[in-house]
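Colleague: Just so you know, we're using full-length UniProt numbering here: the sequence shown kicks off at 1 and counts up by one.
No residue lacks a Cβ here, since even glycine has one placed at the ideal position from N, Cα and C.
Please read all numbers here as calculations on a predicted model, not as lab measurements.
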Amino acid sequence: MSLEIVQRNLLNILEAVADAVTVSSATKRCRLVAVSKTKSAEMIESCFSQGQRHFGENYVQELEEKSAALASKCAEIRWHFIGQVQSNKISKICNSPGIWCVETVESEKHARLFDKEWSKHGASSSPLRVLVQVNTSEEENKGGIKISEAPKLAEFIRKECLNLKFDGFMTIGSFDNSHTDGANPDFEKLYAVRKSWSEITGETPESVELSMGMSDDFLQAIQQGSTSVRVGSKLFGAREYKK
1 MSLEIVQRNL LNILEAVADA VTVSSATKRC RLVAVSKTKS AEMIESCFSQ
51 GQRHFGENYV QELEEKSAAL ASKCAEIRWH FIGQVQSNKI SKICNSPGIW
101 CVETVESEKH ARLFDKEWSK HGASSSPLRV LVQVNTSEEE NKGGIKISEA
151 PKLAEFIRKE CLNLKFDGFM TIGSFDNSHT DGANPDFEKL YAVRKSWSEI
201 TGETPESVEL SMGMSDDFLQ AIQQGSTSVR VGSKLFGARE YKK
């Protein structure tokens, strides 16, 4: 896909997101995270030149390589790690230039490891934002903590991990729920998780993020309260795999 088409796609998606927020009764804001897995640094830079700042990567090696390559050209870039967290890769994630948020924390163990690793950055660094990934579809092949345990993990991060900032909840959801008409049950469940957390803590629900919605269902996600959508193929085209 040409850079011109990617830039056109970006503007169209941003317009669609803005329009969806305007008519949504469940959210007043929504960020676009451009999911750039398997895509070139050149494509990312072309979107950056149009004002896009938030980009998501699934694979640690790609995050390392692209963040290093673009550190000087795109100094204001904000990287989101949205792949499965592995304990032995946490230091690499934390040391990637411009890492801004880890959206896939699903255990106290990983939260502690991120907290410990981020502490090495010193007091001058802002806390690393993290989201609690929730397995709303209860599929065995999906990452994320159980719905019932999500508020507890969120509070563990808030109270015990001083180098992290609990910033909300994230879900991927099931393929079937993403391709049905009407309300998406996964989005309903994540919205309810945030409400439950709010009731437990006394914090306002809107003070934290709901990261839900991807290329096929991001408009529905915004209608149901998403504050951050992760869009890849609709922006950059299908994934490109090495042969």
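1) Is Asn9 buried or exposed, if buried means 16 or more other CB atoms sit within 10 Å of its CB?
2) Going by alpha carbons, who is nearest to Gly173 out of Glu45, Arg158, Val229, Pro205?
3) In terms of residue numbering, what span does the alpha helix (DSSP H) encompassing Gln223 cover?
4) Hey, quick one: how far does the beta strand (DSSP E) through residue 246 stretch, first residue to last?
5) Quick check on the DSSP output: the alpha helix (DSSP H) that includes Gln133 runs from which residue to which?
6) Who are the near neighbours of Ala16 in its chain, counting only those whose CB is closer than 7 Å to its CB and skipping five residues on each side?
7) Put Cys101 into one of helix, strand or coil per three-state DSSP.
8) Compute the Euclidean distance between the alpha carbons of Ile5 and Asp19, then round it to the nearest angstrom.
9) Am I right that Gly56 and Ser24 are in contact with their C-beta atoms under 8 Å? What's the rounded C-beta distance?
10) Give me the residue from Ala221, Trp197, Glu149 with the minimum Cα distance to Asp181.
11) Can you give me the Cβ contacts of Leu235 inside the same chain, cut-off strictly under 8 Å, excluding the 5 residues immediately before and after it?
12) Spatial neighbours of Leu164 within its chain, please: CB distance less than 7 Å, with the 5 preceding and 5 following residues excluded, ordered by chain position.
Modeller: This is what the structure gives:
1) Here residue 9 is taken as the residue at index 9 of the sequence shown, counted from 1. Asn9 comes out buried.
2) Taking the first residue of the sequence shown as position 1, residue 173 is located at position 173. The shortest Cα separation from Gly173 among Glu45, Arg158, Val229, Pro205 belongs to Val229.
3) Walking along the sequence shown from the start, residue 223 turns up at place 223. Per DSSP, Gln223 belongs to the alpha helix (DSSP H) from 218-223.
4) Outside the modelled stretch of the chain, which goes from 1 to 243, sits residue 246, for which no answer is possible.
5) Here residue 133 is taken as the residue at index 133 of the sequence shown, counted from 1. Taken as a continuous stretch (DSSP letters only), Gln133 belongs to no alpha helix (DSSP H), being part of the beta strand (DSSP E) at 128-133.
6) The residue you call residue 16 lines up with position 16 of the sequence shown. Result list for Ala16: Leu219, in chain order.
7) Here residue 101 is taken as the residue at index 101 of the sequence shown, counted from 1. Correct three-state label for Cys101: strand.
8) By 1-based counting over the sequence shown, the position of residue 5 is 5. By 1-based counting over the sequence shown, the position of residue 19 is 19. Spanning the two alpha carbons is a distance of roughly 21 Å.
9) Position 56 of the sequence shown, counting from 1, holds the residue named residue 56. Position 24 of the sequence shown, counting from 1, holds the residue named residue 24. Contact flag wrong, Cβ pair sits at about 22 Å.
10) For this step, residue 181 is matched to residue 181 along the sequence shown. For the residues Ala221, Trp197, Glu149, the minimum Cα distance to Asp181 belongs to Ala221.
11) One-based indexing of the sequence shown puts residue 235 at position 235. Excluding sequence neighbours, Leu235 sits near Val6, Asn9, Leu10, Ile13, Ala34, Val35, Cys47, Ser215.
12) Position 164 of the sequence shown, counting from 1, holds the residue named residue 164. Only Ala111, Phe114, Asp115, Trp118, Pro127, Leu128, Val130, Ile157 meet the Cβ criterion.
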